[in-house]
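J.: In the numbering used here, the protein residues as written are 73 to 568.
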Amino acid sequence: MATPLVDVYVKLPTGRTSVLKLLPTEQVKRIIEQIAKEEEIIPGRVRVKYQGKFLDKSKTIGFLGICPETILKAEFVIPRDIKVYAKVDGGGSAPVDIQNISTLEDLKSVVERLEIVSPKTVKSFKSSGTVYRPSNTPLYETNDRTEADPAQDTDLKAIDDELKDVVLSSFETNGKNVEVVFCFDTTGSMSQYLGSVRTKLKETCQRLLRDIPNIKIGIMAHGDYCDYDNYVIKIQDLTTDVQQLVDFASSTPSTCGGDSPECYEWALHKAQQLDWSEDSAKALVVIGDCEPHPPSYTDQQINWHTELDVLKGMGVKVYGVFCNSGEGNAKKFYEELADRTGGCLLRLANFSLITEMFLGVCYKESNQEQLEAFTEELKLEGKLTEETEVLMKQLENTKPAEESKAEDTPSYLKKYNFGWWNFEQDHIVAPQYSYNSETDEWKQYNNPTQKQTLIYIPALTTSASSTSGDKNSPISGNYISRHRKSSRKGRGCNVM
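1) Do you know how far the Cα of Q315 is from the Cα of N286?
2) Can you check which of these residues, L340, S349 and I359, is closest to L380 by C-alpha distance?
3) Measuring only the C-alpha atoms, how far is P76 from L94?
4) Is it buried or exposed, V82, if we count other Cβ atoms within 10 angstroms and call 16 or more buried?
5) Between which two residues does the alpha helix (DSSP H) containing I107 stretch?
6) Could you tell me whether the segment 405–413 touches the segment 437–448, where touching means 3 or more Cβ pairs closer than 8 Å?
7) Please say whether V357 and C277 have beta carbons closer to each other than 8 Å?
8) Check the C-beta distance from Q466 over to C395 and give it rounded, since I have them as a contact under 8 Å.
9) For a test of the three-state rule: what should DSSP assign to E334, helix, strand or coil?
10) With 16 as the cutoff for other CB atoms within 10 Å, does E177 come out buried or exposed?
11) Verify whether the separation of the beta carbon atoms of Q106 and L127 is less than 8 Å.
12) Short of 7 Å in beta carbon distance, which residues of its chain neighbour T97, apart from the five on each side in sequence? Order them along the chain.
13) Can you look up F405 in the DSSP assignment and give me helix, strand or coil?
14) In three-state DSSP terms, what is C298?
15) Tell me N489's beta-bridge partners as DSSP assigns them.
16) Are the Cβ atoms of H377 and W338 separated by less than 8 Å?
17) Quick check: the Cα distance between Y575 and Q372, rounded to an integer number of angstroms?
18) Using a threshold of 8 Å, state whether the C-beta atoms of V35 and L310 are closer than that.
19) Can you give the Cα-Cα distance for K125 and R117, rounded to whole angstroms?
20) Using three-state DSSP, classify S174 as helix, strand or coil.
21) Does DSSP classify G414 as helix, strand or coil?
22) Helix, strand or coil: how does DSSP classify Q466 here?
23) Looking only at DSSP bridge pairs, what is V252 linked to?
24) Could you give the distance in angstroms between the alpha-carbon of Y528 and the alpha-carbon of S322?
25) State the Cα-Cα distance for the pair A353 and K389, rounded to the nearest angstrom.
26) Helix or strand or just coil, what does DSSP make of E496?
27) Helix, strand or coil, according to DSSP, for E459 in the structure here?
28) Assuming A402 and C362 make a contact with CB atoms under 8 Å, what is their CB distance in whole Å?
29) With distances taken from CA atoms, which of K306, R119, M262 and Y204 is nearest K145?
30) What residue does the alpha helix (DSSP H) around Q344 start on, and which one ends it?
31) Considering only the beta carbon of each residue, do I103 and P115 sit closer than 8 Å?
32) Give me, in chain order, the residues of the same chain whose beta-carbon lies closer than 6 Å to that of P503; leave out the 5 immediate sequence neighbours on both sides.
33) Please determine, among L431, D299, Q308 and T324, the residue with the shortest C-alpha to C-alpha distance to C335.
34) Which residues in the same chain have their Cβ closer than 8 Å to the Cβ of V78, if we skip the five residues on either side of it in sequence?
35) By Cβ distance below 7 Å, which residues in the same chain neighbour L383 in space, the five residues on each side in sequence not counted?
36) Helix, strand or coil: how does DSSP classify Q373 here?
Given below as structure tokens:
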């Protein structure tokens, strides 16, 4: 009696579905080879998933329990150059440049060409106690092995991959889209943070695009409203063009800012207008050292609480980077940014750590294992100082976003009694700056009798998970109208 063929459906990253007729005795390797042939790529780039797990290419269809009309998912590994640090038992180590789609046999050949080991003496590789024999297994698959090889020969020379033990486990196959925007306060001494980024921005972005091919990066730079003759805010939208990012950072000067607060509330609003993708992991990194203005400071009545809730509804995590070693009230603003959106609070008292923060946030948004690999890399290179280690641990400690509750006055407004937090405690009586929406420009507000026009109201169109349809939601029109205050006086470097 003939063995019935099994119809297997394989969904591809391209959106196409391939249908294969297979015998239960055929191996997963057959599926991989067929998909590779159809897509005109090498088989080593194809991985197949079933019920969330990658399939061993040597197993048969029947053994894995794949039934007729089963839907599998194929993922295509993106070739990347990686650096493996090879260390021989007994001493001696060297970096190995190789691609993630290379095999363990390829790695053996490369290592044997190094001076740290004699030719044809490498019999196995060891990583975190797991032993791998040279074979046609791609390097990116070593993360799938969970048990050590029982045939381990302790007398053989072994290569201990101290660094890429975690990096090899962090490879995204088809890769999720990652979008990260860094928002720099350029007032006063804060300008040195953007200045520090400039020095390594090109190599930093090139590295990120290599490690996270589906990443887009944006930069925002803001002063305060009193800097309108220079700029209040400048924006380089999300891009993969490294030179655009470098040119933007190089051409963006510092600003005055006057006294604190600064216009973080305007930055939160402007961030909503960036070219975010619906299907991406989105993060806004707000880097500053003081608090935002209350709504009364401008004729636009901008409420930073509302702006933050809109970003949350858009699926944007906000990282609050507090560049101050103190424990002042401003720190609570950065805590709230992170807590309410599922981001992280980072303390960055030393501007020299800005590049490590830049990389760390991007790796975290891509894949937790990549962040761990980066931390290990810093350790092996002797760059994991006490301050850097604290920063990396802060990045690892992410809390879920706080749930929004339907209430007439959101409870978070009552958490503190600062005028910039709880607007019932704000006693400013006249706005200091007005906004022209047609020219996108700010100026001093000089006519208190002028009829208020073009009042900005945050966009209410958010993701399905947002609460914008609720009349009591912090981002609803009813809430905004109930919580607008009369115009009041504020501070700024151009105020007479």
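All residues carry an ideal CB built from backbone N, CA and C; glycine is no exception. Here the structure is a predicted model, which means the values were calculated and not measured.
T.: In brief:
1) Computed Cα separation, rounded: 17 Å.
2) Among L340, S349 and I359, the Cα nearest to that of L380 is on L340.
3) If you take the alpha carbons of P76 and L94, they lie about 9 Å apart.
4) Classification for V82: buried.
5) Start and end: V100 to E111.
6) Because the criterion of three Cβ pairs below 8 Å is not met, the segment 405–413 and the segment 437–448 do not touch.
7) Not closer than 8 Å, so no.
8) Taking 8 Å as the upper bound for CB-CB distance, Q466 and C395 are not in contact here, some 13 Å apart.
9) When DSSP states are grouped into helix, strand and coil, E334 belongs to the strand group.
10) With fewer than 16 Cβ atoms within 10 Å of its Cβ, E177 is classed as exposed.
11) Contact: no.
12) The beta carbon of T97 sits closer than 7 Å to the beta carbons of T132 and G134 from its chain, once the five residues preceding and following it are set aside; these are given in chain order.
13) Annotated three-state conformation of F405 is helix, per DSSP.
14) If DSSP states are grouped into helix, strand and coil, C298 belongs with the helices.
15) According to DSSP, N489 bridges with nothing at all.
16) With respect to the 8 Å criterion, H377 and W338 are not classified as neighbours on the basis of their beta carbons.
17) Shown here, the chain extends from 73 to 568; a query on residue 575 therefore has no answer.
18) As shown, the chain starts at 73 and ends at 568. That puts residue 35 outside it, with no answer to give.
19) K125 and R117 have their C-alpha atoms roughly 16 Å apart.
20) Here S174 carries a coil assignment [DSSP, helix/strand/coil].
21) Of the three classes helix, strand and coil, the one that applies to G414 here is coil, per DSSP.
22) Under the three-state reduction of DSSP, Q466 is assigned to helix.
23) According to DSSP, V252 shares a beta bridge with I289 and A355.
24) Confidence is the limiting factor: at Y528 the pLDDT is only 43, short of 50, which leaves the residue's position unreliable, though a coordinate-based value still follows. Take the alpha-carbon of Y528 and the one of S322: they are about 31 Å apart.
25) Computed Cα separation, rounded: 8 Å.
26) E496 falls in the helix class under three-state DSSP.
27) Residue state, collapsed to three classes: helix.
28) About 5 Å; that satisfies the 8 Å criterion.
29) Comparing alpha-carbon positions, the option among K306, R119, M262 and Y204 lying closest to K145 turns out to be R119.
30) Here Q344 belongs to no alpha helix (DSSP H), and DSSP marks it neither H nor E.
31) P115 sits away from I103, with the two beta carbons spaced by 8 Å or more.
32) Closer than 6 Å at the Cβ level, and outside the excluded window around P503, lie T370, D371, Y517 and S559.
33) Of L431, D299, Q308 and T324, the residue nearest in Cα terms is D299.
34) Around V78: K93, L94, L95, P96, I133, I138, C139, P140 and T142.
35) Exclusion of the five residues before and after L383 leaves L340, A343, Q344, L356, V390 and T413 as the residues of its chain whose Cβ lies within less than 7 Å of its Cβ.
36) Coil, per DSSP.
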